[in-house]
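A.B. asks:
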Amino acid sequence: MAQQPQAPGQQRPKGFTSSIPTPTKLPTGAGRKEWERFRRTFANYSKATRLENEANELKTAVFLACMGEDNAELLEGFDFADGEDKENLTHVTQKYEQFFVGETNEVYEAFIFHHRNQDDDENIDSYVQSLRKLAKTCGFGDQEDRMLRDKMVLGIKDVRSREKLLEVRGLTLKLAVEMCKAAEAAQIQTKDIANPKQEQEATVHKVSQHKGHSHKEKASRQTNHKCIKCGKTHEKRNCPAFGKTCYKCGYKNHFATHCKSKKKVHAMQEHDTDTEEEEEDLYVSALSSTN
Numbered sequence: 001m002a003q004q005p006q007a008p009g010q011q012r013p014k015g016f017t018s019s020i021p022t023p024t025k026l027p028t029g030a031g032r033k034e035w036e037r038f039r040r041t042f043a044n045y046s047k048a049t050r051l052e053n054e055a056n057e058l059k060t061a062v063f064l065a066c067m068g069e070d071n072a073e074l075l076e077g078f079d080f081a082d083g084e085d086k087e088n089l090t091h092v093t094q095k096y097e098q099f100f101v102g103e104t105n106e107v108y109e110a111f112i113f114h115h116r117n118q119d120d121d122e123n124i125d126s127y128v129q130s131l132r133k134l135a136k137t138c139g140f141g142d143q144e145d146r147m148l149r150d151k152m153v154l155g156i157k158d159v160r161s162r163e164k165l166l167e168v169r170g171l172t173l174k175l176a177v178e179m180c181k182a183a184e185a186a187q188i189q190t191k192d193i194a195n196p197k198q199e200q201e202a203t204v205h206k207v208s209q210h211k212g213h214s215h216k217e218k219a220s221r222q223t224n225h226k227c228i229k230c231g232k233t234h235e236k237r238n239c240p241a242f243g244k245t246c247y248k249c250g251y252k253n254h255f256a257t258h259c260k261s262k263k264k265v266h267a268m269q270e271h272d273t274d275t276e277e278e279e280e281d282l283y284v285s286a287l288s289s290t291n
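With the first letter of the sequence shown counted as 1, position 83 gets the number 83 in full-length UniProt numbering; the numbers rise by one all the way through.
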């Protein structure tokens, strides 16, 4: 795999190579939030590149290179006690932790942890994830999973699930989470089974609304066109020519102005002409008799 070019200020120390991009350097003047994000990213980077298996001197050099020049210079102002080494990554990160975060009040952090209960709209996965994050600053050590288990059992909102968890001997955090997730899924499924009619009615209501809207649109489209029977604009089945007899063709349900029977119209025009000629002959004959 070809190596990717490095961003300015993020060159890898000699002796360490990797095609995986280095973490984004920590900005100058960063606070606790930026530092914690950088620390997590660098830990993942160390695992992915197997840097964690290298010597402390090399690991620290890579760490400082990723920190950026301004933040790397902060190391010179840190006080290292006897037994602490500037080239030991664990000691170095502890100094940066104190600088960016400060001293942690574990009593207060534990107070926040123990008062964190599950919210009404929060699922069990989100709740446990939140507890894990809070536990990191409480100093629980190897008792962290036990504390998480206890707080989860006491802090969940579902009373029935809590009762079932308390019945289990040797309950572990993993089993407690699995049982709560199963209970959440069962509650959702039971609700769907108990109220299928409501969902069907909601679907029918939506379909009815759609049909009604379609009918209105159809009627609107019909109203917007002139009628071929009368030449006017009107609603369907409300034509003023309905039932009327056309004087041109003799058929019903349309006006003579919109009659399409050309043959019949021509015949009626010839009939009208013959009638006029006959009336004229009668008039002339009457005059002759008088004279």
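C-beta atoms are modelled at their ideal positions from N, C-alpha and C, and glycine is treated no differently.
(1) With DSSP collapsed to three states, give me the class of THR245.
(2) Does the Cβ of SER19 have 16 or more other Cβ atoms within 10 Å, making it buried, or fewer, making it exposed?
(3) Suppose only complete runs of 4+ residues qualify. What are the alpha helix (DSSP H) ranges in the stretch 113 to 192, listed by chain order?
(4) Go to LYS96, then tell me how far its alpha helix (DSSP H) extends in each direction, as first and last residue.
(5) Drop a sphere of 10 angstroms on the beta-carbon of GLU270, count the other beta-carbons inside from all chains shown, and report buried for 16 or more, exposed for fewer.
(6) Among VAL92, GLU36, GLU167, whose alpha-carbon lies nearest the alpha-carbon of PRO23?
(7) So, with DSSP's three-state summary, where would you put LYS33?
(8) Quickly, what does DSSP pair LYS252 with across the bridge? List them, please.
(9) If distances are taken between C-alpha atoms only, which option among VAL62, ASN53, ALA55, ARG32 comes closest to PHE42?
(10) Rounding to the nearest angstrom, what Cα-Cα distance links GLU144 and GLU87 in this structure?
(11) Can you say whether HIS254 is buried or exposed, counting buried as having 16 or more other CB atoms within 10 angstroms of its CB?
(12) Put ARG50 into one of helix, strand or coil per three-state DSSP.
(13) On the three-state DSSP scale, how would you describe GLU57?
(14) With a CB to CB cut of under 7 angstroms and the five nearest residues on each side skipped, what residues in its chain are close to ASN117?
(15) Terminal residues of the continuous alpha helix (DSSP H) containing ALA72?
(16) So, is PHE38 buried or exposed, given that buried needs 16 or more other C-beta atoms within 10 angstroms?
C.D. replies: Straight from the coordinates:
(1) In this structure, THR245 counts as strand in the three-state DSSP scheme.
(2) exposed
(3) 124 to 135, 144 to 155, 159 to 167
(4) Sequence check: residue 96 is Tyr here, not Lys. 89 to 100 is the span of the alpha helix (DSSP H), which, as asked, contains TYR96.
(5) Unreliable placement is indicated for GLU270, whose pLDDT of 49 sits below 50; the coordinate value is still reported in the next sentence. By the neighbour-count criterion, in which 16 or more other beta carbons inside 10 Å mark a residue as buried, GLU270 falls on the exposed side.
(6) GLU36
(7) When secondary structure is reduced to three states using DSSP, LYS33 falls in the helix class.
(8) THR245
(9) VAL62
(10) 30 angstroms
(11) buried
(12) coil
(13) Reduced to three states, the DSSP call for GLU57 is helix.
(14) Taken in chain order, the residues that qualify are GLY155.
(15) Run containing ALA72: 69 to 73, per the alpha helix (DSSP H) assignment.
(16) PHE38 is buried by the Cβ-count criterion.
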